[in-house]
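Letter by letter, the sequence shown follows residues 32 to 428 in this note's numbering.
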Amino acid sequence: MGKEYKLGTSEQQEYLRSYNYVPKGYCFLEPGAVASDSNDYAAYNIAKSFYQVYPEVFNISYISKVTGLKEDDIKARIKKMYENREFMLVYNPCVSVSGFGLYYWVVKLKKDTTKEEREELTKWFQDNDQICTGYMMSEGGDFDYYNGNHMRNIDNLVGGVLDKFRFRRCVEYVHICPIRRLVRESHVNQFDSLKDYRRYFFNENAIDKLCKLQKKMDKDDFKIIDAINNTKTIKDMFDYDFLAKLSGLDANDLRENLSRIVDKEKQMFPMVYFNYRALGLKMHFYLVSFFENTPTFRSEEIVDELANEDVFNNIFDFGDSHHNIMLSCYEDINDLDKVKSKLLSYGEVSEVLESTSPRQFRRWTCRLDDDNGYWEECVFTDDVLVDRSVNDTREDK
32 MGKEYKLGTS EQQEYLRSYN YVPKGYCFLE PGAVASDSND YAAYNIAKSF YQVYPEVFNI
92 SYISKVTGLK EDDIKARIKK MYENREFMLV YNPCVSVSGF GLYYWVVKLK KDTTKEEREE
152 LTKWFQDNDQ ICTGYMMSEG GDFDYYNGNH MRNIDNLVGG VLDKFRFRRC VEYVHICPIR
212 RLVRESHVNQ FDSLKDYRRY FFNENAIDKL CKLQKKMDKD DFKIIDAINN TKTIKDMFDY
272 DFLAKLSGLD ANDLRENLSR IVDKEKQMFP MVYFNYRALG LKMHFYLVSF FENTPTFRSE
332 EIVDELANED VFNNIFDFGD SHHNIMLSCY EDINDLDKVK SKLLSYGEVS EVLESTSPRQ
392 FRRWTCRLDD DNGYWEECVF TDDVLVDRSV NDTREDK
């Protein structure tokens, strides 16, 4: 631990200057933020609409140069990975500067919860379009669900979503975990990372083990995902000439508009999501709580130190919550005891809860269940001008 950033000194809150978007309030709209249907998003929206059948929306020549693979092989592998539901093109917005707060929440069920109650609640979470991202946990863990919403205020979260299920007989508690900093999600460093914005992390040793455990994806598949996600600029991710042919729009406008909001303004960025469920992997979650006398700057320091570990594919930093951090890595291909020992080595840590997720519900509103043909269905919900707290929304009284 370095400086203490004491009040009344020139160092007061100096640590905040290190971040792109400082640890902050949970919802505000900054000047210059653009809607997802604006021209600035056009290149992404076109790619999202066509990549399922046209792998050429990606910069195939760039991927070939980085990976050493032939272009025809790359296109065939991209089509294969999509058809096998192994990956999906998505985007992440910096919600806290776009007028939304990002509120995750942890659900713990009672020990006597029946199979029918669990299945009914799981289906309710999967089918609820207001939930933008979510995870189901296996039975026997310290908690049972970890879901998230983009909302304009906490009242709408409570009235519109939480109150509709938290009074069920089987629910022991729901803990709201507002995101102070979204540091890493789906292997990619996000807007709130201290460094390496948009860098894609996937531990090489873990990939080696994963390739030995299954035959659906090999190292070349992971090289392609790495190349797409690790472009230094968004200008290298897509083939803008091909996007122009598909849309009739100007290639240079598509390129420059997307680059401005991704590379310069850091409002959003496209990425390729890896679907761990398709390979039979399970994700192990660590819900970390600090002692209450831990200074905020020290909490942020610990998060930044953990972000140096490439073992973690998700790192969520909370504020105003019972808990401080949620981190995850894959079972079977990582040393889970070593990870937990690392977390417990911090004297500030008071508790580490653990659960295992075999299934993710959604990835930023895009559905990940393919059983009923819902794969990639995306419903963006907005609570602007809506007060969901005015009526009694309890389903179970």
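Cβ coordinates follow ideal geometry from the N, Cα and C atoms, glycine included. For clarity, every value in this text was computed on a predicted model and none was experimentally measured.
Residue i to residue j span [Cα, whole Å]
i	j	result
residue 509	residue 216	Outside the shown range of the chain, which is 32 to 428, sits residue 509, and nothing can be said about it.
residue 427	residue 192	Below a pLDDT of 50, predicted positions are generally treated as unreliable, and residue 427, at 48, falls in that range; no measurement from the model is reported.
residue 99	residue 141	52 angstroms
residue 51	residue 346	17 angstroms
residue 35	residue 196	43 angstroms
residue 112	residue 395	19 angstroms
residue 82	residue 419	36 angstroms
residue 370	residue 336	13 angstroms
residue 438	residue 92	Any question about residue 438 goes unanswered here, given that the chain covers just 32 to 428.
residue 327	residue 46	10 angstroms
residue 190	residue 294	37 angstroms
residue 409	residue 128	22 angstroms
residue 352	residue 207	6 angstroms
residue 66	residue 244	42 angstroms
residue 226	residue 49	9 angstroms
residue 273	residue 88	6 angstroms
Contacting residues, own chain, Cβ-Cβ under 6 angstroms from residue i (five flanking each side not counted)
i	result
residue 313	362, 387, 389
residue 14	The structure shown does not extend to residue 14, since the chain spans only 32 to 428, so no value can be given for it.
residue 290	265, 266
residue 130	60
residue 57	132, 209
residue 367	315
residue 391	166, 399
Close Cβ partners of residue i (< 8 angstroms) along its chain, the five nearest in sequence each way excluded
i	result
residue 232	215, 218, 219, 220, 341, 343, 344
residue 258	93, 94, 97, 98
Start-to-end residues for the beta strand (DSSP E) that takes in residue i
i	result
residue 140	132-140
residue 83	From DSSP, residue 83 is part of no beta strand (DSSP E); its letter is neither H nor E.
residue 164	164-167
residue 390	390-394
residue 202	202-216
residue 320	314-321
residue 179	176-182
residue 346	345-349
residue 120	118-124
residue 304	299-305
Beta-carbon proximity list for residue i, same chain, < 7 angstroms, skipping 5 on both sides
i	result
residue 180	134, 161, 162, 163, 188, 192
residue 79	120
residue 375	383
residue 379	321, 322, 325, 329, 333
residue 75	122, 289, 301
N-terminal and C-terminal residue of the alpha helix (DSSP H) that residue i is part of
i	result
residue 112	102-114
residue 331	327-337
residue 235	235-244
residue 370	367-375
residue 51	Where residue 51 is concerned, there is no enclosing alpha helix (DSSP H), given that its DSSP letter is neither H nor E.
residue 361	No alpha helix (DSSP H) contains residue 361, which is instead part of the beta strand (DSSP E) from 356-361.
residue 232	Careful: residue 232 lies outside any alpha helix (DSSP H) and carries neither H nor E.
heavy atom of the ligand NAP below 6 angstroms from residue i C-beta
i	result
residue 211	Among the components modelled here there is no ligand, and therefore nothing to report on the ligand NAP.
Proximity winner among the options, relative to residue i (alpha-carbon distances)
i	options	result
residue 400	158, 298, 45	158
residue 176	183, 209, 136	136
residue 209	354, 44, 40, 385	354
residue 3	385, 318, 108	Outside the shown range of the chain (32 to 428) lies residue 3, about which nothing can therefore be said.
residue 166	143, 138, 184	138
residue 169	60, 308, 39, 184	308
residue 292	73, 49, 105, 248	73
residue 53	211, 146, 96	211
residue 115	252, 421, 385, 299	252
residue 279	201, 77, 65	77
residue 393	37, 407, 223	407
residue 143	240, 43, 304, 202	202
residue 70	303, 412, 281	281
>> I'd like to know if the region 148-160 and the region 109-124 are in contact, where contact means that at least 3 CB-CB pairs between them fall below 8 angstroms.
In response: no
>> Can you confirm whether the region 339-356 touches the region 279-296 when touching is taken to mean that 3 or more C-beta pairs between the two stretches lie within less than 8 angstroms?
In response: no
> Are the region 354-361 and the region 309-328 touching by the rule of at least three beta carbon pairs closer than 8 angstroms?
Replying inline: yes
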